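Working notes, structure below.
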Amino acid sequence: MLMLPELIVVATGFILLVLDLFLTEKQRDLLVPLALAGVAAAAGALVLTPDTGVLLGGRFAMDPLGWWFKLAFLVAAFLTIALTSGLLESAAPEVRKLHSPGEFLTILMFNLCGMLLLPSTRDLITLYVALELATIPLFLLAAWRRDALGGEAGLKYMVIGALASALMLYGFGVLYGLTGTMRLDAMPALLHADRTTLFAAALVVAGVGFKLTLVPFHMWAPEVYQGAPPPVTAWLSVASKAAGLSVLMLVLFRVFRPFLHDAGFAIALLATLTMTVGNLVAVVQRNILRFMAFSAISQAGYLLLGFLGGGSGGAAAMVFYLLVYVVTNLSVFALLILHNQQTGSTQITDYRGLSQLNPLLSLAMMLGLFGLAGIPPLSGFVGKFLLFSVTAQAGYHWLVGVAAVNSTVSLYYYLRIVRQMYIEAPAEGAVPLKPGALLTAALVVTTAASMLLGVVPTVYEAVRVSAAAWLQALGQ
Amino acid sequence: MGLASWLILLPFLTTLGVLFTPASRPTLIRWVSLVGTGAHLLLTAFTTWKFWEVASPDIALAKTSTLTKLYFVERIPWFKSLGVDYLVGIDGITMSMVILTSIIIFTGVLASWNVVNRTKEFFALLLLLVTGVFGVFLSFDMFLFFMFYEVAVLPMYLLIGVWGTGPKEYSAMKLTLMLMFGSAFILVGMLALYHYAGGTTFDLTQLAQFHYPVEMQRWVFPLIFIGFGVLGALYPFHTWSPDGHASAPTAVSMLHAGVLMKLGGYGALRIGVYLLPEGAQYWGLFFMALTTINILYGAFGAIKQTDLKFFTAYSSVSHCGFVLFGVASLNLMGFKGAVLQMFSHGVMTGLFFALIGMVYGRTHTRIIPDMGGLAKVMPWLAVCFYIAGMASLGLPGFAGFVAESHVFMGGFFGNAWSDPLATRVLTVIATLSIVVTAVYVLRGLAKVFQGPITDPHFLELTDATLTERLSTGILVVTLAVVGLVPGLLIDLIESALLPFVNRLHATGALAVAGHP
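Sequences listed follow chains A and B, in order.
To convert, take the position in the first sequence, counting from 1, and add 538; that gives the working numbering.
To convert, take the position in the second sequence, counting from 1, and add 764; that gives the working numbering.
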């Protein structure tokens, strides 16, 4: 029963695919609730699933941290579908509608399944297959609107994604050559600290780096984020990033764990580059989707800090920050999707005066942005604080400074949007946005979660316990 | 729920009360804010009385102690695995700062009685900000402290950006970013303090029992001092202050100059000097020199200003310099002076900004040369302005004199770790600022209030309304009471400050014994 959540998701995908054939355009509105039910059922199954155990001769295993990753994927999927509902329904205005809801949701389900498999994979082959399943459907989703920007997004994503896969595969090949085994857990004992191991590690990290948008592997992100339909961008920015992190944790903690401690400086450098470039370039963006792309890049830089020191505190901090990031980023995207859906605009200046038209929506958006900037008492603050604390514990005090100054820079550009919403006057003839019921519900849930995760310590303490158990099991 | 928690919770509840009042009833919103802050003032008075009752028997004990004794302590474990507690308590410094904040917010609400644009959001943000300020003063867990610190700083962006005047977006952004930049420094220092002590607690009272390596103290102390110094307008990080204050609406200027800038001096003392005594010994003279520049630079800057708000803002830079100067002089007299100056400058500058708001509301100009003879039409405001001015230039009888004389004596006494000649020379230089202050205060006031009325339409202006009289009256009385009976306040803070000094000497003795 360990694989029940994945099976439910795949089953939902097939049901959606088949059902779609027999429904009229109007009846297809049922598909969204069906998909939501499927994801909710999978989440329910996940809650009942034990967080340790193996299947298929050790190729598929549950571990305590993997459980949290799966939760993050399912939550992200549920919220993304809820946010997309307005664009998928038959009554949506023709211009910005997402066509073929059946196929859209099916592909999303298969993509989700690939992500759910990722943290459970234990050998190179299943890891690679799961990673491809978590990536290839995204190319299709990115190009869903068959216009010029969408086409560019899909193509660029595919070409660069293929390059990343190639690098990763090369790395896997070297690893197999060095150790003669496919099993990840057997590798640390067989690897030696030499140049070839370093080469393999560099290739794998570069491959994952594309997914996690680490600088200098981030170039695809702005175009893809801008060209893809906003809900897909939302999905990409949270789920794909979570998938990247889960693979990186799998590789660095399971395979290269003996060398993790010595790699501290390289990680610190990568983190510095990622957050600094992401933040500095975000400052000059005018398009909100490109803006969110660079914001997401800089967030990946903060996430990376958790690898310093290689302890369970770092692992817990990363997973906790990921959960926080998923809900906070989606709360920002909720308004972004709604705004794009009803005005067709993606310019930051078109948010002007929103606080006078939609006070509550603007408040939620502001809280979301402050959460991303790491302002207390929102959970983004606690998440960042934990990551900075791990950095200080590992002795990288200068890096805490770099990261904290970066946070200040990020506050500047998040405040630019707040300024448009709160300080500027609304444009002539601007009308208030009218959110749908599902989107409102999703926004309430994400905003509440992003506030509560920072105040109520329960989730963090649970993650921390899981991380300790997980690392202990790894050590054996 | 003890008294300390209620002091934080009450403004927060008032914030919620404002949020749940319909925006269409601005008068009700004002009354909710006024009742909330009025109740807080009463609660503060009650707490002070209670505090005095329990704390006064312990004064003798403090003479030898190296640990601050807290009263009304409440501790609730929060993030257990990190050692983060909800830990609040009260000591003498905290108590005096709470009194100050409570007075300023009450008069601030009165002074913003006629804010008409988006009244609800304005009062909600103002009260949220002040919740953060109380939180900072009352919390003794560094995590909680930092959390409240940022809550106190950020609402300022919207308060200035939405309700400000002049280049408000620029000023709001500059202020927010510079203060956040300072908090980045604090964060680095704080995490170093946490991990060097084993990474098990953020509790200030427990961290104080840990002896940090001298090398570590020497690099962390400047981070903490500068980090907080940015908020305390430490030269050369003061540049946000004139722009910010000039653009901010009246109550925000009052709170910001009156209370928020005090968080800087408070943090430098509470975390910097208290936890890192050897770092303080090493850097004391350097920061004394830097703050001497502060004091003179602010005073000379004020001479050149023609806008009343810029004028007061520069004078604040000078006066806040006294706070940090007192902290850097590292002796009891200096520390006492610093805390007294925080209090007296808070009240004085609150009064200044309130009065400027009131005058501006009538004349619609803040440019000093455009005004003249206003004392004839608004005698109440003129008298209050003069009182604030006299307090600002250190006239005996007002709080400013008590504070500044302590600071200067403290500086002149110097300490065992800085060259005595250097501290004395610096103190003498800093003292010169009194003359400069007299120049700008007297010249400015004379131009605005005396002489013939320059503009015929000034003749139709009216004197202070009832709410205005109430708010300025409270501040003037506070200034005079502290000026005439300073013993009340000094007793309150002295026993809290003794452990700071004892810690400096204890480690000093250790260091001498260890390295002859």
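All C-beta atoms, glycine included, are put in the ideal place defined by N, C-alpha and C.
Fair warning: this is a prediction, and the values are worked out from it, not measured in the lab.
Neighbour-count burial assignment, residue i, 16 or more Cβ in a 10 Å radius
i, result
"residue 1131 of chain B", "exposed"
"residue 936 of chain A", "exposed"
"residue 757 of chain A", "exposed"
"residue 638 of chain A", "exposed"
"residue 1127 of chain B", "buried"
"residue 1073 of chain B", "buried"
"residue 570 of chain A", "buried"
"residue 813 of chain B", "exposed"
"residue 563 of chain A", "exposed"
"residue 608 of chain A", "buried"
"residue 765 of chain B", "exposed"
"residue 966 of chain A", "exposed"
"residue 1020 of chain B", "buried"
"residue 849 of chain B", "buried"
"residue 697 of chain A", "exposed"
"residue 993 of chain B", "buried"
"residue 775 of chain B", "buried"
C-alpha distance - residue i paired with residue j, whole-angstrom precision
i, j, result
"residue 598 of chain A", "residue 984 of chain B", "48 Å"
"residue 768 of chain A", "residue 962 of chain B", "46 Å"
"residue 649 of chain A", "residue 808 of chain A", "28 Å"
"residue 1205 of chain B", "residue 1157 of chain B", "7 Å"
"residue 999 of chain B", "residue 1047 of chain B", "15 Å"
"residue 787 of chain B", "residue 1103 of chain B", "39 Å"
"residue 621 of chain A", "residue 897 of chain B", "38 Å"
"residue 853 of chain B", "residue 912 of chain B", "15 Å"
"residue 781 of chain A", "residue 577 of chain A", "17 Å"
"residue 877 of chain A", "residue 977 of chain A", "12 Å"
"residue 1079 of chain B", "residue 895 of chain B", "27 Å"
Integer Cβ distance of residue i from residue j, believed to fall under 8 Å
i, j, result
"residue 1217 of chain B", "residue 1140 of chain B", "6 Å"
"residue 602 of chain A", "residue 590 of chain A", "7 Å"
"residue 913 of chain A", "residue 826 of chain A", "Not a contact, Cβ separation roughly 20 Å."
"residue 855 of chain B", "residue 832 of chain B", "5 Å"
"residue 1032 of chain B", "residue 988 of chain B", "7 Å"
"residue 890 of chain A", "residue 995 of chain A", "Not confirmed; about 38 Å, so no contact."
"residue 976 of chain B", "residue 1267 of chain B", "So it is not a contact: roughly 12 Å between Cβ atoms."
"residue 875 of chain B", "residue 1121 of chain B", "6 Å"
"residue 551 of chain A", "residue 647 of chain A", "3 Å"
"residue 779 of chain B", "residue 902 of chain B", "Residue 779 of chain B to residue 902 of chain B, Cβ: 17 Å. No contact."
Residues bridged to residue i (per DSSP)
i, result
"residue 593 of chain A", "A:598"
"residue 852 of chain B", "B:838 and B:903"
"residue 886 of chain A", "Looking at the DSSP assignment, residue 886 of chain A forms no beta bridge with any residue, so it has no partner."
"residue 825 of chain A", "A:885"
"residue 659 of chain A", "A:598"
"residue 1071 of chain B", "B:1131"
"residue 967 of chain B", "B:905"
"residue 721 of chain A", "A:661"
"residue 642 of chain A", "In DSSP, residue 642 of chain A forms no bridge with anything."
"residue 843 of chain B", "B:848"
With a threshold of 8 Å, are at least 3 pairs of Cβ atoms found where one atom belongs to the region 838–848 of chain A and the other to the region 978–993 of chain A?
no
At least 3 beta-carbon pairs within less than 8 Å: the region 956–969 of chain A vs the region 919–928 of chain B:
Output reads yes: the region 919–928 of chain B touches the region 956–969 of chain A.
Does the region 625–641 of chain A touch the region 774–792 of chain A, meaning 3 or more C-beta pairs lie closer than 8 Å?
no
The region 695–710 of chain A in contact with the region 738–754 of chain A per 3-pair CB rule at 8 Å
The region 695–710 of chain A makes contact with the region 738–754 of chain A: 3 or more CB pairs, one atom from each, lie closer than 8 Å.
Measuring CB atoms only, is the region 926–944 of chain B touching the region 1009–1020 of chain B, in the sense that at least three cross pairs come out at less than 8 Å?
yes
Any 3 or more C-beta pairs closer than 8 Å across the region 854–866 of chain A and the region 971–988 of chain A
yes
I'd like to know if the region 669–688 of chain A and the region 616–630 of chain A are in contact, where contact means that at least 3 CB-CB pairs between them fall below 8 Å.
no
Could you say if the region 1173–1188 of chain B and the region 1108–1115 of chain B meet the contact criterion of at least three C-beta pairs nearer than 8 Å?
Counting C-beta pairs closer than 8 Å gives fewer than three between the region 1173–1188 of chain B and the region 1108–1115 of chain B, which falls short of the contact rule.
Inter-stretch contact (C-beta, 8 Å, three-pair minimum) for the region 774–794 of chain B and the region 821–837 of chain A:
No contact exists between the region 774–794 of chain B and the region 821–837 of chain A.
For the 8 Å Cβ check, are there 3 or more pairs between the region 1022–1032 of chain B and the region 878–887 of chain B?
no
Within the chosen definition, does the region 1164–1172 of chain B reach the region 1141–1149 of chain B through at least 3 CB pairs nearer than 8 Å?
no
Okay, do the region 651–662 of chain A and the region 543–554 of chain A touch, 3+ Cβ pairs below 8 Å being the bar?
yes
Counting Cβ pairs, one atom from each stretch, are 3 or more of them under 8 Å apart for the region 945–957 of chain B and the region 809–818 of chain B?
no
Does the region 1087–1096 of chain B come close enough to the region 1228–1240 of chain B that 3 or more CB-CB pairs lie under 8 Å?
Touching, no, given that fewer than three Cβ pairs across the two stretches are closer than 8 Å.
Quick check: the region 811–824 of chain A against the region 721–736 of chain A, are there 3 or more CB pairs under 8 Å?
no
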